[in-house]
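Per the working numbering, residue 831 is the first one in the sequence shown, and the count goes up by one each step. Glycine is no exception: its CB is placed at the ideal position from the N, C-alpha and C atoms. Please read the structure below before turning to the comments.
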Amino acid sequence: MFDFTNKTILITGGTGSFGKKFINKILNYKIKKVIVFSRDELKQYEMAQEFTDERIRFFIGDVRDKDRLYRAFEGVDVVIHAAALKHVGACEYNPFEAVKTNIHGAQNIIEAAIDKGVKRVIALSTDKAASPINLYGATKLASDKLFVAANSYVGDKETRFAVVRYGNVVGSRGSVVPFFKKIKKTGTIPITDERMTRFWITLDQGVQFVIDNLDRMHGGEIFVPKIPSMKVTDLAKAIAPECKMKFVGIRPGEKLHEAMITEDDARRTLEYESYYVIQPEFSWWKRDGLNKGKSLPEGFKYTSDTNSEWLSVSDLLELVGDKTTVNI
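Rendered as structure tokens:
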């Protein structure tokens, strides 16, 4: 377990679903303070009413603003980078903005972390970054590459960068779940394609996976959890069993199935009991301590339709702790 004692942690995009859950958990450790870095003053105000712990600091700023990051990173030991433009449709129609936040913002995080002596940085990624077909996924792939390569820039400093990549989050504001809940009162749930599958992880699982990898990371890894898949039709049945399904066709930038490890990435990926590690292709990469990992077979890929673990309707209801109705 990573030692959080007397550490200062900063989380970008800290007022989001992940940020709130992460901060709620991190306050159980003997940290020095946690800094919530985000650009939305209203969300910060609302969060300050919910979290009254004196170790929390609120810092208004945008990852696009390098000078602001330099100020915010003063004395910080650990950075969790969760800020991003994440809505697929919004990124398709506002590509310059997506690039500024998701790519230029990543570079700003890297440079500020190195120059200010941050010890460890974990950037949150998405399954859409593997073999992307939409701009959101493409910008996150670029971001992942930047954070992996950033370890080449640290020289003799102690700063290390890693990436955590996972699928759709049950309970996050941007997922399809709250949309289905909102629309079910109409009596019809729109489904893009009956074959569609997605990876699913809970907020608790996502937060714990990040915390676990702060201890595991050498720098340069992309950590991928083993999580279940679910058919979107089954998800709709769990949330609104009384509703009819209307198949409306795949939207721009949308896939039938998502991937977290491509066939090409699998050649340099190690498998562990509950997760995978995509190793960087750099000469500086230290593989010590990773010899317990298992190489993957030729042709392996980790996709939501070929996954060996699946969620049924009852599984999802149990996952969210309610056997009669989905309250997520």
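Using a 10 angstroms sphere on the CB of D833, the tally of other CB atoms stays under 16, which defines it as exposed. Collapsing the DSSP output to three states places S1059 in a strand. Considering only G947, K958, L954, the residue with the shortest C-alpha distance to D986 is G947.
The Cβ atoms of S955 and A1089 lie no closer than 7 angstroms to each other. For the 7 angstroms CB-CB criterion, T1027 and D1095 do not form a contact. The criterion of a C-beta distance shorter than 7 angstroms is satisfied by L857 and D883. Non-local beta-carbon contacts of A943 in its own chain, meaning distances under 7 angstroms to residues more than five positions away in sequence, involve F903, V909, V951, T989 in chain order. Between N836 and K896, the gap from beta carbon to beta carbon reaches 7 angstroms or more.
Contact check for K958 against G967 passes: the beta carbons are separated by less than 7 angstroms. DSSP lists Y1106 as the beta-bridge partner residues of V1054. For V978, the uninterrupted alpha helix (DSSP H) run begins and ends at 965-979, by DSSP. Secondary structure at I861: coil, using DSSP grouped into helix, strand and coil. In the DSSP annotation of this structure, R1098 is not part of any beta strand (DSSP E), being labelled neither H nor E. Here D1034 is not near M831, since their CB atoms are 7 angstroms or more apart. Taking the C-beta atoms as reference points, A912 is found nearer than 7 angstroms to G849. Contact check for V1143 against K851 fails: the beta carbons are separated by 7 angstroms or more. Measuring C-alpha to C-alpha distances from T1063 to each of T1022, I1080, Y1102 identifies T1022 as the nearest.
For T1018, the beta-bridge partners assigned by DSSP are K1074.
Between K1056 and S1104, the gap from beta carbon to beta carbon is short of 7 angstroms. Between E1084 and V918 a beta carbon distance of about 7 angstroms is seen, short of the 8 angstroms cut, so the two are scored as contacting.
Counted as a single uninterrupted DSSP element, the alpha helix (DSSP H) harbouring L872 occupies residues 871-880. Bounds of the alpha helix (DSSP H) holding S847 are 847-856. A straight line joining the alpha-carbon of F1010 with that of T845 spans about 23 angstroms.
Measuring C-alpha to C-alpha distances from E1111 to each of V1000, V978, I1091 identifies V978 as the nearest. Taking 3 residues as the shortest admissible run, the stretch 879-917 contains the following complete beta strand (DSSP E) segments, listed from N- to C-terminal end: 886-890, 908-911. Residue nearest to S1113 within the set K949, G1050, E1093, T1099 is G1050 (criterion: CA-CA distance).
By alpha-carbon distance to R887, the top candidate from K855, T838, T931 is T838. Shown here for V1078: same chain residues with a beta carbon closer than 8 angstroms to its own, the five before and five after excluded, namely P1020, I1021, T1022 in chain order. Look at F1009 here: in three-state DSSP terms it is helix.
For N1137, there is no enclosing alpha helix (DSSP H), as DSSP marks it with neither H nor E.
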